[in-house]
Each structure stands twice: as structure tokens, then as C-alpha cells.
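The numbers in the UniProt record's numbering rise by one with no breaks, and the one at position 261 of the sequence shown is 261.
Even glycine gets a Cβ: it sits at the ideal position worked out from N, Cα and C.
All remarks here apply to the structure that follows.
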Amino acid sequence: MTLNTQRGSHSPLRRRASTPVPRPGVPGAPGVSCHPQLEQRASEPGARAGAARGSWSSESSGSSGAWEPLYRVVLLGDPGVGKTSLVSLFAGVQERDVLEQHGEAAYERTLCVDGEETTLLVMDTWEPEHQCLQVGNAYVIVYSVTDRGSFESASELRIQLRRARQPEDIPIILVGNKSDLVRSREVSVEEGRACAAVFGCKFIETSAALQHNVAELFEGVVRQLRLRRGGKEPRARPAPQHRRKESLTKRARRFLDRLVARNSSKVALKFRSKSCHDLSVP
Ligand SMILES: Nc1nc2c(ncn2[C@@H]2O[C@H](COP(=O)(O)OP(=O)(O)OP(=O)(O)O)[C@@H](O)[C@H]2O)c(=O)[nH]1
């Protein structure tokens with residue numbers, strides 16, 4: 001299964017072919033970007049249907065020109081874990097429809113998931129400290145299952161993200177990539193799932209090389225965004241409280257310490273999540 005070719009009747013993914021690279025300027029004008037600038041913080045829940053899109057995109061989609069929501073999805077993770085490979089599959093790029101802004105590459109694509117179209121602007125970043133922690137409507141934190149260090153970095157990123165976006169209930173998906181490299185695996189699927197459970201995010205393993213679960217990942221992002229759409233998310237987090245923030249951070253640190261203490265597979269078994277692997281439920 002690929003993101004770019006026929007997938008039968010199952011959730012067809014449609015690439016908006018040759019989406020013009022927008023230029024900065026007046027929103028809505030032909031050939032002009034309506035994407036928010038990177039300096040702009042992501043909208044609050046309820047208004048997170050970020051930038052409306054201009055006439056150029058409705059032409060390419062053949063739609064009536066109605067404005068559609070566009071969500072910014074930021075990929076984070078250590079170098080070499082496969083972020084660019086995953087994003088390239090998402091974008092279906094041979095030629096790169098790349099929007100270069102402040103050093104990040106962004107790819108826009110409209111997905112049809114559960115009969116409804118949603119446009120994602122997926123940003124492949126390599127500087128976690130940069131503004132990317134502020135701009136995403138959803139985050140995909142990638143590690144390589146063959147690199148325990150990248151798994152630990154993913155946990156650190158989750159902590160940073162929580163600090164940066166504490167009051168918001170934004171979708172975060174932990175991704176263990178390179179699942180095809182069975183013999184060099186260093187992080188078990190149970191550890192990945194357990195980590196996601198501890199950090200309160202979703203989890204999926206992918207193989208960009210085999211194109212396994214890549215479509216499911218981005219469809220899952222769409223579903224997670226929709227679950228929170230319009231501020232109707234019933235599981236919206238309560239107002240932030242200092243004590244809770246501290247306690248979760250401490251728990252996360254403890255979890256990390258235990259992983260590093262090479263007791264990880266036993267520890268992982270202690271943390272079970274009923275639904276962190278199901279990207280279609282809250
Ligand atoms: N076997 C295997 N190799 C992969 C997979 N995903 C990526 N790779 C390879 O891993 C290497 C790094 O992949 P990238 O996609 O460039 O990783 P990245 O996270 O974007 O790396 P940076 O650009 O340095 O941040 C490349 O040689 C890819 O071909 C995968 O699922 N399986």
C-alpha cells in the first residue's frame with residue numbers, strides 16, 4: 001500500500017498534484033500563500049482550522065472554491081530516523097513541491113479520510129528548539145526502532161512539547177520507524193506503546209522503506225485532529241495546574257531513567273495502554 005497509488009476503495013488518498021508553491025503576500029490572491037507564517041502561533045482549539053486556502057488551490061482541486069481547513073503537522077525527531085522519508089511518502093514527491101520557510105520544508109496535501117477531505121501542511125523540521133514547538137496543530141515525534149538514543153530523544157521532545165504547549169490538547173503521535181529492520185531492532189513495540197501511554201499520546205510503528213503504516217499514520221493524524229475539532233473534544237484537558245504539570249514531568253523523567261537503566265522491557269510491561277495504538281479514538 002502506498003500513499004501515491006491506488007489503495008482500492010479504502011480511504012483513498014488523493015494528492016493535489018503540482019500544488020503551486022505559494023508566495024508571501026495578500027491572502028486569497030491568486031498564486032498567493034494563505035499559510036500562516038511560522039512565527040504565528042497555532043490557533044487555539046476551536047479555531048485551529050488554521051489558514052484558509054486561496055483560489056489557486058480550489059482550482060487544482062476542482063472544488064467550488066470553498067475554503068477548507070488546513071492543519072500544520074510538525075515532524076520532530078533525531079537526525080536519520082526517517083522523517084524526510086515519511087514526509088516524502090506523504091507528499092508523493094518525485095519533484096519536491098517544497099515550501100521553504102525558515103529552514104523547514106513543508107508539503108501540502110489533501111487527504112480524503114472517512115469520506116471527508118482535510119488538508120495537511122506537513123513540516124519536516126530539524127531544529128526542535130526552533131519555533132516548531134509553537135506552530136503545529138499536531139505533532140509526529142519519530143524515533144527509529146533501531147536506535148535507542150532516538151527513542152530517548154523522542155521522550156525528551158515529548159516533555160519539551162508538553163512544556164511549550166501545556167494548556168492545549170493537541171494531537172501527538174509517537175512513531176517508531178524502520179520496523180522492517182528486524183535484526184537491528186533496539187526498541188520493542190511494547191516499549192514504544194508504553195512510552196506513548198505514559199506520555200498520553202498515540203503510537204504507531206511504521207516502515208518508510210516498506211511503506212508500511214505510513215498512510216495509516218497520516219490518516220490517524222487527520223482523525224486525531226477531527227476528534228478535537230471545534231473545541232468539542234469531550235476529553236479536553238482540564239485547566240492547567242502547576243502541580244499536575246510537575247507531577248507528569250517527574251513521571252516522564254522517572255520513566256526515562258528506568259529505560260536507560262536497561263530494565264526497559266520489564267518496565268514497559270507495567271505501562272499498558274488500551275488505546276494508544278488506535279489512532280481513530282481519543
Ligand atoms: N530500512 C529503513 N530505512 C529507512 C527507513 N526510513 C528511512 N530510512 C533510511 O534512513 C536514512 C535516514 O532517513 P531520512 O528520511 O533522511 O531521516 P531524517 O530523520 O529525515 O534525517 P535528517 O534529515 O538528518 O533529520 C535514509 O538512508 C533512509 O533511506 C525505514 O523505514 N526503513
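Ligand 1 heavy atom lying under 6 Å from the CB of residue i
| i | result |
| --- | --- |
| residue 283 | Coverage of the chain is limited to positions 1 through 282, which leaves residue 283 absent and any answer about it impossible. |
| S207 | yes |
| L181 | yes |
| K178 | yes |
| S153 | no |
| E184 | Rather than Glu, the amino acid found at residue 184 in this sequence is Ser. No, the Cβ of S184 stays beyond 6 Å of every heavy atom of ligand 1. |
| T84 | yes |
Test item: CB-CB of residue i and residue j under 7 Å
| i | j | result |
| --- | --- | --- |
| A208 | L86 | yes |
| V74 | E219 | no |
| Y139 | A154 | no |
| E205 | G176 | yes |
| S280 | R228 | no |
Residue of the options minimising C-alpha distance to residue i
| i | options | result |
| --- | --- | --- |
| residue 287 | H212, T118, D78 and F203 | No statement about residue 287 is possible, as the shown extent of the chain runs from 1 to 282 and does not include it. |
| T118 | V281, H212, R72 and L210 | R72 |
| E216 | I173, A197 and D169 | I173 |
| E116 | R226, V198 and L279 | R226 |
| G200 | A106, P79, Q166 and D78 | Q166 |
| V221 | V198, F90 and A106 | F90 |
| S88 | P79, D78, A105 and G77 | A105 |
Cβ neighbours of residue i in the same chain (closer than 7 Å, five flanking residues each side left out)
| i | result |
| --- | --- |
| T146 | K178, L181, S184, R185 and E186 |
| L161 | L133, Y139 and I172 |
| A164 | L133 and Q134 |
| H277 | R193, F203 and I204 |
| A196 | L174, K202, F203, S273 and C276 |
| A47 | Note that A47 scores a pLDDT of 32, beneath 50, so its modelled location is shaky and nothing firm can be said. |
Proximal residues to residue i (C-beta, below 8 Å), its chain only, five neighbours per side dropped
| i | result |
| --- | --- |
| V81 | V142, Y143, S144, D147, S150, N177 and K178 |
Same chain only: Cβ atoms within 6 Å of residue i, ignoring 5 sequence neighbours per side
| i | result |
| --- | --- |
| T84 | D124 |
| N213 | I204 and T206 |
| K250 | none |
| L210 | D180 |
| E152 | none |
| V98 | Residue placement at V98 is poorly supported in this model, since its pLDDT is 48, which falls under 50; the coordinates are not used for a value here. |
Ligand 3 heavy atom lying under 6 Å from the CB of residue i
| i | result |
| --- | --- |
| R193 | Absence of ligand 3 is noted for the structure shown, with ligand 1 being the only ligands found. |
Exercise for the section: Go through the stretch 179-213 residue by residue and report every complete run of the alpha helix (DSSP H) that reaches 4 residues or more, in order. Expected result: 189-199
Handout entry: Complete alpha helix (DSSP H) runs within the stretch 98-167 (minimum length 4 residues, chain order)
Key = 132-135 and 148-164
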